[in-house]
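Novice: Position 46 (the sequence shown) corresponds to 161 in the numbering used here; numbering is contiguous. My structure is below; once you've seen it, I'll send some questions.
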Amino acid sequence: MISPSYISPSAVLEASVVGPYASIGDGARVISSHVKDSIINAHAIIEEARLEQSIVGERAVIRRATGKVNVGDSSVVEV
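Below, the structure written as structure tokens:
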């Protein structure tokens, strides 16, 4: 984690870099990804992505995306 950032105690991070300026919500999973300057809401799943200046809604799934994404709750983005 690169400060300043927030990671919920119930979030799961594996082989990932978070921050700076990132917030990872309750129950979110960030796997093999880099997330900076972004908000990842509760129970979202981020896999093999490089996100910046992004907002990911609750229960959304982002796979292999790069750059900026803004997706609502329960959305799925696979590249």
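Idealized CB from N, CA, C, for every residue including glycine. Remember, it's a predicted structure, so these values are computed and weren't measured experimentally.
#1: Suppose contacts are defined by Cβ-Cβ distances below 8 Å. Is I170 in contact with R144 by that definition?
#2: Expressed to the nearest angstrom, what Euclidean distance is found between the alpha-carbon atoms of V133 and M116?
#3: Would H158 and R178 be called neighbours here (beta carbons separated by less than 8 Å)?
#4: Report yes if the C-beta distance between S147 and Y121 is below 8 Å; otherwise report no.
#5: Since S125 sits in a beta bridge, which residues does DSSP pair it with?
Specialist: To lay it out plainly:
#1: no
#2: 5 Å
#3: no
#4: no
#5: Bridge partners of S125: none, in fact.
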